[in-house]
Amino acid sequence: LLIESFFVESQKFVPSTGIEYVNEQFDFSVSFGDEGVHSLAYEISIADVSLGEVKISRSQAFQAREIRELEKLISTLAYPLRNSSMYFTAMQSAYRDPLTSVNNRGAMDKALPREIALARRFSTPLSLLVLDVDKFKSINDVHGHQVGDDVLQSFATVLRDCVRDSDLVFRYGGDEFVISLSNTGLSGALELAERVRLSIERCHQYSNVRMMLSTSIGVTELRETDTAESLFLRADSALLEAKRQGRNCVAHL
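The sequence shown runs 3 to 255 under our numbering.
In structure tokens form, the structure reads like this:
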């Protein structure tokens with residue numbers, strides 16, 4: 003909204019056909035209007051802290067007077083962008099697990115009902131994985147919590163590397179994680195679960211400790227009458243079934 007409002011208001015002083023804003027720190031970009039062959043790009047910063055780049059374009063070349071006017075206008079964006087960046091950072095922190103950098107339980111509570119609604123709206127499948135680190139408590143007891151934290155960080159990295167950009171990874175709590183797989187039926191979810199299981203087995207070095215890790219995974223697919231809670235509970239029950247089967251395996255319900 004900030005960039006769009008700026009684009010509209012700036013037309014009163016310097017006509018242009020398009021604007022683009024890019025903030026690499028937040029992996030965010032937005033554009034409005036149509037890109038022209040002539041453009042001006044401005045890096046916006048406060049106290050050497052980059053707030054992103056704004057590019058304004060149109061079909062005709064900009065005149066010197068217009069460039070000076072644009073520079074004045076662009077300078078008014080700095081503090082609003084800083085405030086927006088601070089708000090965005092705060093929102094990210096609220097839904098991000100600080101140890102593993104994946105989404106936290108609060109994020110899952112918001113995202114899962116939305117994913118279910120989208121799956122039903124477009125008649126596409128949705129699957130859920132619930133998984134944990136086998137015998138994680140003994141890792142903490144024997145090697146200490148620092149090694150345990152390193153295990154969780156490595157575990158989360160494997161999960162992120164295994165999923166698609168459209169999938170969502172959450173740390174539910176402790177060593178338990180959840181993966182939401184959009185547009186994925188049970189067979190595809192089971193394939194992904196097995197790929198995760200094998201990838202965890204290949205990880206052997208944590209901090210300065212060499213050990214074998216494994217994971218147990220519960221898998222389920224969205225059903226017609228499911229709520230977010232019932233979907234999660236069924237996947238969690240499948241995880242318990244994987245534990246009963248001896249750990250280091252995948253079970254589904």
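Using N, Cα and C, we set each Cβ at its ideal position, and we do this for glycine too.
Which of helix, strand or coil DSSP assigns to residue i
i      : result
Phe238 : Residue identity check: residue 238 is Asp in the sequence provided, not Phe. Three-state DSSP puts Asp238 in a helix.
Asn142 : helix
Val171 : strand
Leu215 : coil
Asn105 : strand
Arg60  : strand
Whole-angstrom C-beta distance between residue j and residue i, which should lie under 8 Å
i      : j      : result
Arg197 : Cys164 : 6 Å
Leu131 : Ile219 : 6 Å
Asp167 : Ser182 : With 8 Å as the limit, Asp167 and Ser182 do not qualify as a contact, their Cβ atoms being about 13 Å apart.
Beta-carbon spacing of residue i, residue j below 8 Å
i      : j      : result
Val149 : Tyr81  : no
Leu133 : Leu215 : no
Leu42  : Leu72  : yes
Arg236 : Thr222 : yes
Euclidean distance between Cα positions of residue i and residue j
i      : j      : result
Glu37  : Val16  : 15 Å
Gly77  : Ser86  : The residue asked about is misnamed: residue 77 is Ser in this sequence, not Gly. If you take the alpha carbons of Ser77 and Ser86, they lie about 15 Å apart.
Thr217 : Ser184 : 22 Å
Asp143 : Lys137 : 10 Å
Arg225 : Phe157 : 29 Å
Val211 : Arg98  : 27 Å
Ser31  : Asp228 : 35 Å
Pro115 : Val171 : 15 Å
Gly248 : Glu117 : 32 Å
Asp177 : Glu68  : 57 Å
Ile46  : Arg123 : 40 Å
Leu233 : Ala121 : 13 Å
Ala63  : His40  : 6 Å
Glu243 : Ala253 : 6 Å
Asp238 : Gln13  : 55 Å
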